[in-house]
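In this note's numbering, the protein residues as written are 9 to 204.
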DNA sequence: GGTAGGATGGGCT
DNA sequence: GCCCATCCTACCC
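See below:
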């Protein structure tokens, strides 16, 4: 598949929920590996979202989330895995989107080698810790600008349209009821004709 | 099909 | 010292 233009910073400089929703169907690219984003979660600033890392305010770790939009926030989780977020909202306002799953598009063999365990294609990057492993995204990418390579998000070409379901977020205990997770349920381009 | 438990280290109280 | 925005394996239907 061809990749379209890089998402501009204005894409990210919007309310976090809108950015989370609109990242579905976009192409996450790092070097030779890439995949279509199929699951995201919004983590809000402003204090009402107790699951957000920014809920306790500005710290050394969370400073990137308060910075300009269109940058990567990467952190270590459970001492073993790293999670990729993309910073939303205008500069100075917190808010970010966790990328929870991608559907591999290019560099499948490289992803398989990085993941180690015998892995079926659909399981290569279907989790936040798995996709960073598959795309070789680490804390060294914390703070990098994703509107300029090598780690970027692009429009898919042709543009992809999906049916999206909104649900509570996964794996949290605080603010666990907020509908801030966006996940592809069905590929629109594969939608069948009306049944007889 | 399902779930329980352990690995592992940084951030914050 | 406790809490994680996780994943994999073992084990049990």
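Beta carbons are placed, not taken as given, at the ideal position from N, Cα and C, and that holds for glycine.
Asked, Found
"In three-state terms, what does DSSP make of residue 19?", "helix"
"Suppose the cutoff is 8 Å on Cβ atoms and the five residues either side in sequence are ignored; what does the same chain contact list for residue 144 look like?", "38, 39, 41 and 122"
"If you reduce the DSSP assignment to three classes, tell me which class residue 61 lands in.", "helix"
"Nearest CA to the CA of residue 188: which residue from 106, 12 and 74?", "106"
"In the DSSP assignment, find the unbroken beta strand (DSSP E) run with residue 45 in it and report its ends.", "41-52"
"Mind checking residue 154: buried by the 16 CB within 10 Å criterion, or exposed?", "buried"
"Pull up the distance between the alpha-carbon of residue 124 and that of residue 115, whole angstroms please.", "15 Å"
"By the DSSP assignment, the beta strand (DSSP E) with residue 85 in it spans what residues?", "80-85"
"Which residue's Cα is closest to the Cα of residue 12: 46, 128, 160 and 84?", "160"
"Take the Cβ of residue 32 as the centre, count every other Cβ of all protein chains shown within 10 Å, and call the residue buried at 16 or more, exposed below.", "buried"
"Are three or more beta carbon pairs between the stretch 127-134 and the stretch 72-85 nearer than 8 Å?", "no"
"I need the straight-line Cα distance from residue 178 to residue 49, nearest angstrom please.", "9 Å"
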